[in-house]
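Numbering (our numbering), first residue to last: 1 to 45.
Heads up, the beta-carbon is just placed ideally off N, CA and C, and yes, glycines get one too.
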Amino acid sequence: MIVLLGVFGGLLAFGFIGLFIGPTLLAVAYSLLTDWVGSERARPR
């Protein structure tokens, strides 16, 4: 699902090259976000 959103968003934002850039950027951002949220939960207070 997230890749499909990346394809459409990239296509609208960057044109044909967005078919490749959009999903890549979205997957990297999703991975960074999940790692960041996971590290917040693991940190003891």
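Check: Top-ranked residue by Cα proximity to glycine 10, from Ser31, Pro23, Leu33; Outcome: Pro23
Check: Option nearest valine 3 by Cα separation, candidates Val37, Asp35, Tyr30; Outcome: Tyr30
Check: Spatial neighbours of valine 7 in its chain, beta-carbon cut-off 7 Å, leaving aside the 5 residues before and after; Outcome: Leu19, Gly22, Pro23
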